[in-house]
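Right, one structure below, let's go through it.
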Amino acid sequence: MAAMDQNQTVEMPAPRGATDDKTGVVVGSGPVDVEAYIDFQCPYCKQFELASRNTIDKLLERQMIRFIRHPMNFLDAVSTNHYSTRAAAAAASASDTGRFHEYAYALFENQPPEGGLGLTDDQLISLGQHTGVTDSTFVTDIRTGRYLPWPAFVTARATARGVGGTPSVFVHGVPVPARADLIVAAVGRVIG
């Protein structure tokens, strides 16, 4: 077997709206990057996402931020069907239809208990329909596992960056506690 050249890159399927390094999905176009490393199985991520939703949405509406979610698969081992990977892959498929942000919230709103069976593919597809995903490729992508490799790629890159848990939030590259008020304050400091 031939050794892989270190300069060789592996083609990783990344969803529409992905960052240049393919580790997250961007929503918004403001001048300040707010990055959230999340796991769709993580109960603390659910708390963060639902508690900060209105704040993040207002910052997006005011075009103050680019909100970048990095969906990781830290918690695959605590579900019986690799739910973290499957949910992140489904979110990537929703991103291809322009509905990543809405779908991510729906995943957190419908988060199954940690340690059990995650949502089935049919349930993930149904969530898409409830969030306005109508493109048939969404269903095909979930059924064929198009983006299943992506969450492991995101997780490996996040770990290399030093992310050791979820949720981890960065505002313009600086770590910030995962609280809406502290995110707003950090955004304000960057904007001046």
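Going by full-length UniProt numbering, the sequence shown opens with residue 1, and the numbers climb by one from there.
In this text, a Cβ means the ideal position worked out from N, Cα and C, and glycines have one as well.
Remember, it's a predicted structure, so these values are computed and weren't measured experimentally.
Next on the checklist: Check whether the segment 90–103 and the segment 170–181 touch, using three or more Cβ-Cβ pairs below 8 Å as the test.
Outcome noted: no
Checklist entry - If we count the other Cβ atoms within 10 Å of its Cβ and call it buried at 16 or more, is Glu61 buried or exposed? => result exposed
Item to check | CB contact flag (Val34, Ile142, <8 Å) | outcome: No, these two residues do not count as a Cβ contact at 8 Å.
Checklist entry - For the alpha helix (DSSP H) that contains Arg189, what are its first and last residues? => result Per DSSP, the unbroken alpha helix (DSSP H) holding Arg189 starts and ends at 180–191.
Next on the checklist: In the DSSP output, which residue or residues are listed as bridge partners for Ser136?
Outcome noted: For Ser136, which the question treats as bridged, DSSP gives no partner whatsoever.
Checklist entry - Val187 to Leu119, Cα distance in whole Å? => result Rounded to whole angstroms, the gap between the alpha carbons of Val187 and Leu119 is 35 Å.
Item to check | Local conformation of Ser168 per DSSP, three classes | outcome: strand
Next on the checklist: Is it buried or exposed, Asn54, if we count other Cβ atoms within 10 angstroms and call 16 or more buried?
Outcome noted: Looking at its Cβ environment, which holds fewer than 16 other Cβ atoms inside 10 Å, Asn54 is exposed.
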